[in-house]
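Residue numbers (numbering that gives the first Met the number 0), protein chains in the order written: chain A, 0 to 230; chain B, 0 to 249; chain C, 0 to 228.
Structure first, commentary second.
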Amino acid sequence: MSALTGWWDDFFWGSVVVGQVFFVSLILMVVFGLIGAAAKLSKSRVAQRIADAYTVVFRGTPELLVLLLIYFGSAVTLTAIAQLFDPSVKFVDIPPFWAGSFSIALIVGSYATETFRGAFMGVNPGHIEAARALGLSSVQTFFYVRIPEMWRLALPPFGNHMLSLIKDTALISIIGLNETLFAAEQAIGATGKPFTMYIVVGCIYLGFSTIITLTVMALEKYANRHLERAR
Amino acid sequence: MSANVTDPIIVLENVDKFFGPFQALKNVSLSVRKGEKIVVCGPSGSGKSTMIRCINRLEEHNSGTIIVNGHELTDKTNDIDAVRSEIGMVFQSFNLFPHMTVLRNLMLAPRLVRKTNKVEAEALARQYLERVRIPEQADKYPIQLSGGQQQRVAIARALCMKPEVMLFDEPTSALDPEMISEVLDVMVDLAREGMTMICVTHEMGFARSVADKVVFMDGGEIVEVAGPTEFFESPRNERTKLFLSQILAH
Amino acid sequence: MSFDVALIVDSIPKMLMGLGLTLQLLILSAVLGLLLATVLLLMRISGKWYLDLPAQAYIYVFRGTPILVQIFIVYYGFPQLGFIRDSFLWPILREPFGCAVVALSLNTGAYVSEILRGGVLGVDRGLHEAGSALGLSAHQRFIYITTPLAVRLAIPAYSNDVVSLMKSTALASTITLLDMMGIARTIVAETYAPYEIFISLAVIYLIMTWFIQKAFGVFERFMSRHERQ
Numbered sequence: 000m001s002a003l004t005g006w007w008d009d010f011f012w013g014s015v016v017v018g019q020v021f022f023v024s025l026i027l028m029v030v031f032g033l034i035g036a037a038a039k040l041s042k043s044r045v046a047q048r049i050a051d052a053y054t055v056v057f058r059g060t061p062e063l064l065v066l067l068l069i070y071f072g073s074a075v076t077l078t079a080i081a082q083l084f085d086p087s088v089k090f091v092d093i094p095p096f097w098a099g100s101f102s103i104a105l106i107v108g109s110y111a112t113e114t115f116r117g118a119f120m121g122v123n124p125g126h127i128e129a130a131r132a133l134g135l136s137s138v139q140t141f142f143y144v145r146i147p148e149m150w151r152l153a154l155p156p157f158g159n160h161m162l163s164l165i166k167d168t169a170l171i172s173i174i175g176l177n178e179t180l181f182a183a184e185q186a187i188g189a190t191g192k193p194f195t196m197y198i199v200v201g202c203i204y205l206g207f208s209t210i211i212t213l214t215v216m217a218l219e220k221y222a223n224r225h226l227e228r229a230r
Numbered sequence: 000m001s002a003n004v005t006d007p008i009i010v011l012e013n014v015d016k017f018f019g020p021f022q023a024l025k026n027v028s029l030s031v032r033k034g035e036k037i038v039v040c041g042p043s044g045s046g047k048s049t050m051i052r053c054i055n056r057l058e059e060h061n062s063g064t065i066i067v068n069g070h071e072l073t074d075k076t077n078d079i080d081a082v083r084s085e086i087g088m089v090f091q092s093f094n095l096f097p098h099m100t101v102l103r104n105l106m107l108a109p110r111l112v113r114k115t116n117k118v119e120a121e122a123l124a125r126q127y128l129e130r131v132r133i134p135e136q137a138d139k140y141p142i143q144l145s146g147g148q149q150q151r152v153a154i155a156r157a158l159c160m161k162p163e164v165m166l167f168d169e170p171t172s173a174l175d176p177e178m179i180s181e182v183l184d185v186m187v188d189l190a191r192e193g194m195t196m197i198c199v200t201h202e203m204g205f206a207r208s209v210a211d212k213v214v215f216m217d218g219g220e221i222v223e224v225a226g227p228t229e230f231f232e233s234p235r236n237e238r239t240k241l242f243l244s245q246i247l248a249h
Numbered sequence: 000m001s002f003d004v005a006l007i008v009d010s011i012p013k014m015l016m017g018l019g020l021t022l023q024l025l026i027l028s029a030v031l032g033l034l035l036a037t038v039l040l041l042m043r044i045s046g047k048w049y050l051d052l053p054a055q056a057y058i059y060v061f062r063g064t065p066i067l068v069q070i071f072i073v074y075y076g077f078p079q080l081g082f083i084r085d086s087f088l089w090p091i092l093r094e095p096f097g098c099a100v101v102a103l104s105l106n107t108g109a110y111v112s113e114i115l116r117g118g119v120l121g122v123d124r125g126l127h128e129a130g131s132a133l134g135l136s137a138h139q140r141f142i143y144i145t146t147p148l149a150v151r152l153a154i155p156a157y158s159n160d161v162v163s164l165m166k167s168t169a170l171a172s173t174i175t176l177l178d179m180m181g182i183a184r185t186i187v188a189e190t191y192a193p194y195e196i197f198i199s200l201a202v203i204y205l206i207m208t209w210f211i212q213k214a215f216g217v218f219e220r221f222m223s224r225h226e227r228q
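If you want it as structure tokens, here you go:
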């Protein structure tokens with residue numbers, strides 16, 4: 000334990016970075032997922048095909064590969080553009096924070112696409128018909144019947160997507176983001192205690208996962224309150 | 000186990016059953032002699048199913064005594080599987096094993112529990128399929144049969160164990176109306192052959208023609224026990240009268 | 000900037016030299032992970048708290064932390080511990096390949112045991128009761144009724160987990176292994192052509208994903224032959 004003295008700061012700030020990446024990628028993931036689901040549910044064949052390609056590609060290739068492709072690919076492109084203006088430029092990249100957040104959001108967004116689509120389709124059509132039969136407009140039906148039922152269906156898999164996101168943040172250390180794994184490497188370099196340091200990282204992630212799990216459980220309890228049997 | 004013909008084969012004495020705070024059976028006592036046909040009826044939630052499920056210990060009663068075929072059912076009953084193999088049960092939702100053909104559904108328990116060899120088990124299975132009048136369905140999967148056919152397979156499956164008693168838990172409630180009679184016909188045949196039967200059912204025609212005793216339950220209690228004629232013509236209890244007026248009114 | 004087709008043609012055979020290693024990692028970890036998952040499942044459904052709780056804790060820890068961290072703990076972390084260096088496992092854990100297989104198996108085992116448990120819980124309770132009512136013992140019910148139906152129910156989720164495992168094998172490249180991903184990263188470091196190399200590699204992985212899904216699709220159809228009307 001004494002090996003950790005002096006390194007708590009680094010782990011703390013690393014955790015803050017993990018949290019920041021998580022929030023940014025969470026928002027992007029929801030956006031990608033909603034766009035993907037909307038495209039899959041749309042009547043446009045082209046949009047459907049693009050969304051299909053999106054989910055097939057990003058669910059079928061390794062996360063690390065996507066991350067490296069986006070980070071180094073964008074760097075090569077940006078560098079080439081910059082060199083048009085100033086030939087002395089050696090390397091321009093999108094900061095690992097943004098490239099990483101974007102990448103993991105894109106990956107998990109492909110799963111969220113299916114979740115959102117499934118939740119939309121999973122709404123009991125009888126409930127929709129009942130609402131329309133009562134004279135609710137399609138907009139009213141959407142907000143008062145479909146959305147509440149959808150989010151109850153989407154919540155459990157959505158919780159898993161959040162867990163995927165938080166765990167995928169660890170990958171971003173590979174392109175140089177100074178999060179917890181990065182802090183651990185620094186600490187290992189100085190102390191020669193890799194087991195200790197990586198266990199600390201593991202505990203930090205376990206803490207994040209626990210918070211997410213408990214939050215989702217609380218939300219599920221709220222969303223399913225009408226399903227509890229009367230006493 | 001050779002019981003005297005007049006000895007009861009099933010005895011329930013002061014049986015209580017709780018689901019959490021809810022009392023599903025209240026001081027239930029009933030005895031069934033060999034060869035007797037009992038029809039149990041009552042409104043939903045009255046404890047009818049719970050009672051017959053306690054008889055083969057699919058539910059565990061909390062107090063009182065249940066004796067089946069000379070074995071008392073307690074926490075310490077470690078040969079419960081042996082007791083169960085002497086009691087056939089037919090469920091409302093058939094519960095045929097979906098991954099096995101009809102024939103394999105019928106052969107499973109004789110082979111595993113009775114250790115019958117394959118040839119004999121198959122002969123037995125075909126014999127009982129004949130009795131429930133669907134020998135031609137032997138090699139189909141359950142999902143390929145109609146509800147009425149599935150329930151007849153379920154009856155045959157129970158009969159293959161040559162049980163002493165047959166329990167029926169609302170065997171026709173999940174069936175389309177036009178399929179009810181094919182199942183009831185099989186049950187009537189069985190009754191004529193002398194099988195001891197306890198049937199939870201709302202088929203009052205069946206009760207009239209077959210039952211030796213009709214048991215009426217309400218709120219977890221046995222309210223009235225009577226022969227079918229007496230039960231239908233001159234019920235004593237007000238709750239029985241109300242129930243009968245509701246289900247016979249239309 | 001141009002798309003260098005010659006480089007792609009040149010690099011694909013090189014990357015495919017790592018296919019064998021990728022497949023070894025995948026198959027070994029899948030088999031060991033499935034064994035571990037079965038043990039964990041039996042602990043979970045044993046009904047005995049002293050078996051259930053450790054299994055739950057294990058699953059919680061391994062599903063709650065990144066696989067990359069698990070790989071680093073096994074590869075970089077374990078040598079710090081004297082008792083591991085002295086143990087019979089050391090010849091395996093000394094090599095990056097052994098570490099990758101161990102970490103991937105431990106990880107996938109946790110996920111797969113939950114998938115199997117989902118299958119077991121998905122089996123209709125009425126079928127257990129029917130088995131009980133016929134006098135089948137708990138053991139016989141598990142083997143003849145629960146297992147075949149649970150396996151059938153678990154196939155789609157299990158198939159997805161095998162795809163996940165295949166994707167995770169790419170992380171072996173972070174501990175010096177030259178699987179397809181490792182080779183690709185070496186080539187990119189030399190040529191600085193991420194688009195050509197990484198997109199080609201993505202296509203290779205997509206073909207593998209397709210293949211895994213097809214194979215499990217065939218298996219699933221076989222296991223659900225009783226569901227055809």
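Virtual Cβ for every residue (Gly too), placed ideally from N, Cα, C.
As the structure is a prediction and not an experimental result, all values here were calculated from the model.
| Asked | Found |
| --- | --- |
| Contacts that E219 (chain A) makes with chain C (C-beta to C-beta distance below 7 Å) | Result: empty, since nearest Cβ-Cβ is about 17 Å, beyond 7 Å. |
| Any chain C beta carbon closer than 8 Å to P20 (chain B) | no |
| CA nearest to the CA of Q150 (chain B), picked from B:D211, B:F90, B:Q136, B:P109 | B:F90 |
| Through-space distance from A118 (chain A) to A237 (chain A), alpha-carbon basis | For chain A, the structure presents residues 0 to 230; residue 237 (chain A) sits outside this window and is missing. |
| Cβ-based neighbour list, L158 (chain B), same chain, cut-off 6 Å, excluding 5 preceding and 5 following | Y127 |
| 7 Å CB neighbourhood of N3 (chain B) in its chain, flanking five on each side removed | The predicted model places N3 (chain B) with a pLDDT of 49, which falls under 50 and marks its position as unreliable, so this point remains unresolved. |
| Inter-residue CB distance, Y57 (chain C) and A109 (chain C) (contact presumed, cutoff 8 Å) | 6 Å |
| Closer than 7 Å at the beta carbon, the chain F residues around I144 (chain C) | Of the protein chains in this structure, namely A, B and C, none is chain F. |
| Nearest candidate by alpha-carbon position, reference S45 (chain B), set B:F215, B:T64, B:I86, B:N13 | B:F215 |
| Residue range of the unbroken beta strand (DSSP E) whose run includes R32 (chain B) | 21-32 |
| Chain-order list of residues whose beta-carbon lies under 7 Å from that of P7 (chain B) (same chain, five-residue window excluded) | S30, V31, R32 |
| Spatial distance of G59 (chain A) from R184 (chain C) (CA atoms) | 19 Å |
| Alpha carbon of N13 (chain B) to alpha carbon of E85 (chain B), nearest angstrom | 23 Å |
| Boundaries (first-last residue) of the alpha helix (DSSP H) holding K192 (chain A) | Run containing K192 (chain A): none; DSSP gives neither H nor E here. |
| Neighbourhood of I106 (chain A) by C-beta, 6 Å cutoff - its chain only, sequence neighbours within 5 removed | F57, E62, V65 |
| CA nearest to the CA of P162 (chain B), picked from B:C40, B:S145, B:N68 | B:N68 |
| Start and end residues, beta strand (DSSP E) containing C198 (chain B) | 195-199 |
| Top-ranked residue by Cα proximity to K139 (chain B), from B:R83, B:F96, B:P176 | B:F96 |
| Residues of the stretch 167-179 of chain C whose Cβ lies closer than 7 Å to any Cβ of chain A, in chain order | A169, L170, T173 |
| Closest by C-alpha distance to R103 (chain B), when choosing among C:G118, C:I66, C:F71, C:I144 | C:I144 |
| H127 (chain C) - DSSP class collapsed to helix/strand/coil | helix |
| Euclidean distance between Cα positions of V111 (chain C) and V202 (chain C) | 26 Å |
| K240 (chain B) versus P109 (chain B) - alpha carbon distance | 44 Å |
| Beta carbon proximity, G216 (chain C) to chain A, threshold 8 Å | no |
| Where K47 (chain C) falls: helix, strand or coil (DSSP) | coil |
| 8 Å Cβ cutoff met for G121 (chain C) and A156 (chain C) | no |
| Within-8 Å CB hit, V112 (chain B) to chain C | yes |
| Bounding residues of the alpha helix (DSSP H) (the contiguous stretch that carries F115 (chain A)) | 95-121 |
| Cβ of K47 (chain C) within 8 Å of any chain B Cβ | no |
| Whether L146 (chain C) touches I70 (chain C) by CB criterion (8 Å) | Contrary to the premise, residue 146 (chain C) reads as Thr rather than Leu in this sequence. Cβ distance not < 8 Å, so T146 (chain C) and I70 (chain C) don't count as in contact. |
| Paired residues, beta bridge with C40 (chain B) - DSSP | B:F215 |
| Candidates C:V8, C:F218, C:L103, C:M180: closest to L229 (chain C) by CA position | Because chain C in this structure spans residues 0 to 228, residue 229 (chain C) falls outside the shown range and cannot be described. |
| Contact set for G34 (chain B): own chain, Cβ-Cβ below 7 Å, skip 5 residues either direction | G193, T195 |
| Distance CB(D178 (chain C))-CB(G17 (chain C)) smaller than 8 Å | yes |
| Pairwise C-alpha distance: K36 (chain B) and L11 (chain B) | 16 Å |
| As assigned by DSSP and simplified to three states, the class of D9 (chain A) | helix |
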